[in-house]
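K.L.:
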Amino acid sequence: MTKEVQPYGELSPDSVSVGLGELFVSKEPQIILVAYALGSCVALCAHDPKVKVGGLAHILLPNTPAYSRQNGDNVPAKYADRALLELVTQLEALGASRERLIFKMGGGAAVLSGSSLFNSQNNPLPSRLDIGRRNIQGILALLYQAGHYPTAADVGGQAGRTLFFWPNTGKMRIRTVGGEERDY
Amino acid sequence: MAELQKYDPSPDFIPRLSVFIKAGVEKAVQALSKMVNREVKLMALEVELVAVSDLLVWLTDEQTPTVGIYVLSSNGPSGSCHLMLLFTTQDAITLAEMLVPFESGKLPGYDSQLTELQVSALAEAGNVVSSYFLSHMEKAAALQMYPMPPYVVYDMTGAILDTVIADLSSYGDASLVLDTAMSTEGHQLRGQFLVMFDNLALQKLDESLT
Amino acid sequence: MPTILIVDDAMFMRALCGRLLEENGYRVIQAQNGMEAIAKYREHRPDAVLLDITMPEMDGVEALKEIKAIDPSAKVAMVTAVGQQAMVMSALKAGAMEFVMKPFDADKVLSAVQKMLATKPQGQPQG
Numbered sequence: 001m002t003k004e005v006q007p008y009g010e011l012s013p014d015s016v017s018v019g020l021g022e023l024f025v026s027k028e029p030q031i032i033l034v035a036y037a038l039g040s041c042v043a044l045c046a047h048d049p050k051v052k053v054g055g056l057a058h059i060l061l062p063n064t065p066a067y068s069r070q071n072g073d074n075v076p077a078k079y080a081d082r083a084l085l086e087l088v089t090q091l092e093a094l095g096a097s098r099e100r101l102i103f104k105m106g107g108g109a110a111v112l113s114g115s116s117l118f119n120s121q122n123n124p125l126p127s128r129l130d131i132g133r134r135n136i137q138g139i140l141a142l143l144y145q146a147g148h149y150p151t152a153a154d155v156g157g158q159a160g161r162t163l164f165f166w167p168n169t170g171k172m173r174i175r176t177v178g179g180e181e182r183d184y
Numbered sequence: 001m002a003e004l005q006k007y008d009p010s011p012d013f014i015p016r017l018s019v020f021i022k023a024g025v026e027k028a029v030q031a032l033s034k035m036v037n038r039e040v041k042l043m044a045l046e047v048e049l050v051a052v053s054d055l056l057v058w059l060t061d062e063q064t065p066t067v068g069i070y071v072l073s074s075n076g077p078s079g080s081c082h083l084m085l086l087f088t089t090q091d092a093i094t095l096a097e098m099l100v101p102f103e104s105g106k107l108p109g110y111d112s113q114l115t116e117l118q119v120s121a122l123a124e125a126g127n128v129v130s131s132y133f134l135s136h137m138e139k140a141a142a143l144q145m146y147p148m149p150p151y152v153v154y155d156m157t158g159a160i161l162d163t164v165i166a167d168l169s170s171y172g173d174a175s176l177v178l179d180t181a182m183s184t185e186g187h188q189l190r191g192q193f194l195v196m197f198d199n200l201a202l203q204k205l206d207e208s209l210t
Numbered sequence: 001m002p003t004i005l006i007v008d009d010a011m012f013m014r015a016l017c018g019r020l021l022e023e024n025g026y027r028v029i030q031a032q033n034g035m036e037a038i039a040k041y042r043e044h045r046p047d048a049v050l051l052d053i054t055m056p057e058m059d060g061v062e063a064l065k066e067i068k069a070i071d072p073s074a075k076v077a078m079v080t081a082v083g084q085q086a087m088v089m090s091a092l093k094a095g096a097m098e099f100v101m102k103p104f105d106a107d108k109v110l111s112a113v114q115k116m117l118a119t120k121p122q123g124q125p126q127g
């Protein structure tokens with residue numbers, strides 16, 4: 001997969017922005033994968049500690065909708081069911097073993113229900129828009145079915161997240177709009 | 001841009017729709033002008049058929065902290081319409097202060113927060129703008145949709161919009177986006193008004209505007 | 001000093017309307033939904049009511065019917081948005097006296113209130 005590699009501030013010489021529905025794997029020590037501005041989307045990260053490779057999938061929805069299956073649109077990571085398969089396949093191509101993979105994930109917020117930054121507001125979302133929750137549940141179910149579980153998850157809540165992932169070490173960092181950072 | 005799935009509009013649909021939608025947005029913005037007691041002007045209006053997967057790229061800088069006022073309107077057989085007003089933090093404060101001249105508040109990063117009353121005022125602005133726009137759609141295209149109560153949020157633009165993109169993606173890959181800039185004289189209020197129709201609503205509009 | 005009951009789920013609308021009426025010499029009571037409106041009406045017997053049509057749980061038209069059941073001479077103005085013709089019609093049938101369209105002019109709110117207060121108490125809708 002080719003993708004433009006851009007320098008990212010103080011973090012690293014090379015960061016790769018993984019956009020909505022995109023997936024990127026790497027074994028380069030200097031690379032940082034970034035999923036910017038996750039709302040209900042979930043970034044699923046995987047890392048093989050032995051061969052030091054990792055990847056990130058920026059997932060929009062848990063299941064591939066019927067129209068997309070029919071039209072065969074080419075977005076490997078948009079839907080969790082295909083994203084997990086594709087992530088594992090691409091990591092195996094870089095020498096990873098699926099048994100050794102460590103998974104981490106972040107995102108799945110209910111941003112529209114009112115950011116926690118507004119103290120007073122908390123409108124529950126109708127199920128139609130409660131996509132963050134469906135994403136988290138869908139991805140967890142897929143991981144369990146495949147015999148995996150996430151070793152770290154920074155999910156849910158009402159605040160959007162930017163997620164950084166170091167494929168070479170498996171470190172995950174979450175940054176929220178207020179500038180708060182958490183490492184996993 | 002990715003190929004549009006499933007939905008293939010008639011050739012002059014977009015120009016026809018642009019005229020129709022522009023009138024609706026003008027009515028909505030007039031109502032907003034009345035709320036803030038000064039003229040809000042439409043600066044630019046762009047109507048484009050965009051693949052849902054390209055929406056985020058097309059729209060905006062995803063990381064920018066933004067205040068969004070969001071209204072989902074739907075009607076089973078007529079599909080859905082997502083209405084979103086986006087303002088920078090400073091412009092949201094300006095708008096809130098225009099709406100509630102007797103209160104002042106600030107956003108995170110500006111020491112404090114918008115007050116509950118100001119958030120309620122922004123929600124009401126969303127109510128008014130969306131009801132005028134939807135009423136125009138009903139009159140001009142017999143497309144009736146029912147708005148939900150507005151949500152007012154503060155977050156990164158991408159995080160605000162990805163739920164809308166996910167919802168649109170569940171119904172098809174085509175989306176019509178209307179991107180409007182508005183401003184008020186002297187007050188530097190600038191905002192974006194986005195209208196995103198799903199596949200089903202687009203087909204209905206295509207039929208009724210023929 | 002005439003008492004006006006303002007019923008709206010939006011705090012902003014209650015605040016805006018409340019200030020306007022207080023500045024013009026009215027006493028204001030507020031309710032945020034239909035149930036609360038009925039309770040407040042019973043308790044305070046206001047001289048007039050400004051009632052929002054769209055509210056969660058019990059909408060304005062339902063609340064209007066309940067208020068009219070408590071007091072057939074209740075003077076109620078509905079606050080409406082565009083595109084609510086159907087609800088406006090049913091509010092009219094249920095005995096609403098006046099309508100104020102959102103976003104509203106201060107003058108129109110005041111004149112609706114003044115008109116209601118000037119009307120002699122009776123059970124019939126004025127349209």
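Protein chains in written order, with the working numbering: chain B, 1 to 184; chain W, 1 to 210; chain L, 1 to 127. Glycine included, each C-beta is placed from N, C-alpha and C at the ideal position.
For a contact meaning CB atoms closer than 8 Å, what does R182 (chain B) contact in chain W?
P.N.:
Here residue 182 (chain B) is taken as the residue at index 182 of the first sequence, counted from 1. The premise fails here: R182 (chain B) is roughly 16 Å from chain W at the closest Cβ pair, so nothing lies under 8 Å.
K.L.:
Work out the CA separation of T3 (chain L) and L202 (chain W) for me, nearest whole Å.
P.N.:
Residue 202 (chain W) sits at position 202 when you count from the first residue of the second sequence. Residue 3 (chain L) sits at position 3 when you count from the first residue of the third sequence. Looking at the two C-alpha atoms, the distance is approximately 49 Å.
K.L.:
Below 8 Å between beta carbons is the criterion; list the residues of the region 147-159 of chain W that meet it against any residue of chain B, in chain order.
P.N.:
Listed in sequence order: M148, P149, Y151, V152, V153, Y154, D155, M156, T157, G158, A159.
K.L.:
For A63 (chain L) versus V7 (chain L), is the C-beta distance shorter than 8 Å?
P.N.:
Here residue 63 (chain L) refers to the residue found at position 63 of the third sequence. Here residue 7 (chain L) refers to the residue found at position 7 of the third sequence. Going by C-beta atoms, A63 (chain L) is nearer than 8 Å to V7 (chain L).
K.L.:
Please determine, among W:P11, W:S10, W:K27, the residue with the shortest C-alpha to C-alpha distance to S131 (chain W).
P.N.:
By 1-based counting over the second sequence, the position of residue 131 (chain W) is 131. Comparing Cα-Cα distances from S131 (chain W) to each of W:P11, W:S10, W:K27, the minimum goes to W:K27.
K.L.:
Can you check whether the C-beta of M98 (chain W) is within less than 8 Å of a C-beta belonging to chain L?
P.N.:
The residue labelled residue 98 (chain W) in the question sits at position 98 within the second sequence. Judged by the 8 Å Cβ criterion, M98 (chain W) is not in contact with chain L.
K.L.:
Below 8 Å CB to CB, which residues in the same chain sit around L117 (chain L) once its five sequence neighbours on both sides are set aside?
P.N.:
On the third sequence, residue 117 (chain L) is found 117 positions in, with the first residue counted as 1. Correct list, in chain order: P2, D47, A48, K75.
K.L.:
Within its chain, find whatever has a CB closer than 6 Å to the CB of E46 (chain W); leave out the 5 residues flanking it on each side and keep chain order.
P.N.:
Numbered from its first residue, the second sequence carries residue 46 (chain W) at position 46. Contacts found: D179.
K.L.:
What are the start and end residues of the alpha helix (DSSP H) that includes A106 (chain L)?
P.N.:
The residue labelled residue 106 (chain L) in the question sits at position 106 within the third sequence. 106-118 is the extent of the alpha helix (DSSP H) around A106 (chain L).
K.L.:
For chain B, is any of its Cβ atoms less than 8 Å away from the one on A166 (chain W)?
P.N.:
Stepping through the second sequence from its first residue, residue 166 (chain W) is reached at position 166. So yes, A166 (chain W) belongs to the interface.
K.L.:
E207 (chain W) to F164 (chain B), Cα distance in whole Å?
P.N.:
Counting from 1 along the second sequence, the entry for residue 207 (chain W) is found at position 207. Counting from 1 along the first sequence, the entry for residue 164 (chain B) is found at position 164. The alpha-carbon atoms of E207 (chain W) and F164 (chain B) are separated by roughly 46 Å.
K.L.:
On the three-state DSSP scale, how would you describe M148 (chain W)?
P.N.:
By 1-based counting over the second sequence, the position of residue 148 (chain W) is 148. In this structure, M148 (chain W) counts as coil in the three-state DSSP scheme.
K.L.:
For D206 (chain W) and chain B, any beta-carbon pair shorter than 8 Å?
P.N.:
For this step, residue 206 (chain W) is matched to residue 206 along the second sequence. Chain B, which has no Cβ nearer than 8 Å to the Cβ of D206 (chain W), makes this no.
K.L.:
Have a look at the DSSP bridge pairing and note the partners of V71 (chain W).
P.N.:
Your numbering for residue 71 (chain W) matches position 71 in the second sequence. Its beta-bridge partners are W:L83.
K.L.:
Using a Cβ-Cβ cut-off of 8 Å, state whether P65 (chain B) counts as contacting chain A.
P.N.:
The question asks about chain A, but that chain is absent: this structure's protein chains are B, W and L.
K.L.:
Please check the pair I69 (chain W) and V152 (chain W), which I expect to be a contact at CB under 8 Å, by giving their CB distance rounded to whole angstroms.
P.N.:
Indexing the second sequence from 1 puts residue 69 (chain W) at position 69. Indexing the second sequence from 1 puts residue 152 (chain W) at position 152. The Cβ separation is near 5 Å, so the contact holds.
K.L.:
Give me, in chain order, the residues of the same chain whose beta-carbon lies closer than 6 Å to that of R100 (chain B); leave out the 5 immediate sequence neighbours on both sides.
P.N.:
The residue you call residue 100 (chain B) lines up with position 100 of the first sequence. Counting only Cβ-Cβ distances below 6 Å, and skipping sequence neighbours, we find D48, K50.
K.L.:
Give me, in chain order, the residues of the same chain whose beta-carbon lies closer than 7 Å to that of A31 (chain W); leave out the 5 immediate sequence neighbours on both sides.
P.N.:
Stepping through the second sequence from its first residue, residue 31 (chain W) is reached at position 31. Answer for A31 (chain W): V128, V129, Y132, listed in chain order.
K.L.:
Could you tell me whether the Cβ of R128 (chain B) comes closer than 8 Å to any Cβ of chain W?
P.N.:
Along the first sequence, one-based indexing puts residue 128 (chain B) at 128. Yes, R128 (chain B) lies at the interface with chain W (some Cβ there is under 8 Å from its Cβ).
K.L.:
When Cβ atoms are compared, which residues of the region 36-49 of chain B fall closer than 7 Å to chain W?
P.N.:
So the close ones are Y36, A37, L38, G39, S40, C41.
K.L.:
Can you say whether V19 (chain W) is buried or exposed, counting buried as having 16 or more other CB atoms within 10 angstroms of its CB?
P.N.:
Residue mapping note: residue 19 (chain W) aligns to position 19 of the second sequence, counting from 1. Exposed is the call here.
K.L.:
Have a look at the DSSP bridge pairing and note the partners of M182 (chain W).
P.N.:
To locate residue 182 (chain W), count along the second sequence from 1; it is residue 182. Note: M182 (chain W) sits in a beta bridge opposite W:L42, W:G191.
K.L.:
Taking the CB atoms as reference points, tell me whether G160 (chain B) and A80 (chain B) lie closer together than 8 Å.
P.N.:
Taking the first sequence and counting its residues from 1, the one referred to as residue 160 (chain B) is at position 160. Taking the first sequence and counting its residues from 1, the one referred to as residue 80 (chain B) is at position 80. Going by C-beta atoms, G160 (chain B) is not nearer than 8 Å to A80 (chain B).
K.L.:
Please identify the residue among L:S73, L:G60, L:D105, L:R19 whose C-alpha is closest to the C-alpha of N37 (chain W).
P.N.:
As a first step, residue 37 (chain W) must be located in the second sequence, where it is residue number 37. Out of L:S73, L:G60, L:D105, L:R19, L:D105 has the C-alpha closest to the C-alpha of N37 (chain W).
K.L.:
When you check each C-beta in the region 76-92 of chain L against every C-beta of chain W, which residues fall closer than 7 Å?
P.N.:
Cβ contacts with chain W: A81, V82, G83.
K.L.:
Express the C-alpha separation of V155 (chain B) and S10 (chain W) in angstroms, rounding to a whole number.
P.N.:
The count along the second sequence starts at 1 and reaches residue 10 (chain W) at position 10. The count along the first sequence starts at 1 and reaches residue 155 (chain B) at position 155. Distance between the alpha carbons of S10 (chain W) and V155 (chain B): 43 Å.
K.L.:
What is the DSSP secondary structure of M13 (chain L), counted as helix, strand or coil?
P.N.:
As a working note, residue 13 (chain L) is residue 13 in the third sequence. Of the three classes helix, strand and coil, the one that applies to M13 (chain L) here is helix, per DSSP.
K.L.:
Name, please, each residue of chain W whose Cβ falls closer than 9 Å to the Cβ of M1 (chain L).
P.N.:
Sequence index remark: in the third sequence, residue 1 (chain L) carries index 1 (1-based). Chain W residues near M1 (chain L): none, gap ~22 Å exceeds 9 Å.
K.L.:
If the cut is a Cβ gap below 9 Å, which residues of chain B does P9 (chain W) touch?
P.N.:
Along the second sequence, read from residue 1 onward, the residue named residue 9 (chain W) stands at position 9. Going along chain B, no residue has its Cβ under 9 Å from P9 (chain W), so there is no contact; the nearest lies around 16 Å.
K.L.:
Quick one: using the 10 Å Cβ neighbour count with 16 as the cut-off for buried, is E98 (chain L) buried or exposed?
P.N.:
Along the third sequence, read from residue 1 onward, the residue named residue 98 (chain L) stands at position 98. E98 (chain L) comes out buried.
K.L.:
Could you check how far apart the C-beta atoms of T163 (chain W) and V111 (chain B) are, in whole angstroms? I think they sit under 8 Å.
P.N.:
Indexing the second sequence from 1 puts residue 163 (chain W) at position 163. Indexing the first sequence from 1 puts residue 111 (chain B) at position 111. Rounded, the Cβ-Cβ distance is 6 Å, consistent with contact.
K.L.:
In this structure, how does DSSP classify P124 (chain B) when only helix, strand and coil are distinguished?
P.N.:
Position 124 of the first sequence, counted from the first residue, corresponds to residue 124 (chain B). P124 (chain B): coil per DSSP, three-state reduction.
K.L.:
Going by DSSP in three states, K68 (chain L) sits in which element: helix, strand or coil?
P.N.:
As a position in the third sequence, residue 68 (chain L) is number 68, starting the count at 1. It is helical.
K.L.:
Give me the subset of the region 33-65 of chain L whose CB atoms are less than 9 Å from a CB atom of chain W, sorted by chain position.
P.N.:
Taking 9 Å as the Cβ-Cβ cut-off against chain W, the residues of the region 33-65 of chain L that qualify are T54, P56.
K.L.:
Looking at C-alpha atoms only, which residue of W:E39, W:V67, W:A181, W:T157 is the closest neighbour of V57 (chain W)?
P.N.:
Working through the second sequence from its first residue, we reach residue 57 (chain W) at position 57. The candidate whose alpha carbon is nearest that of V57 (chain W) is W:T157.
K.L.:
Could you confirm whether any beta carbon from chain B is found closer than 8 Å to the beta carbon of Q144 (chain W)?
P.N.:
To locate residue 144 (chain W), count along the second sequence from 1; it is residue 144. False, the Cβ-Cβ gap to chain B never drops below 8 Å.
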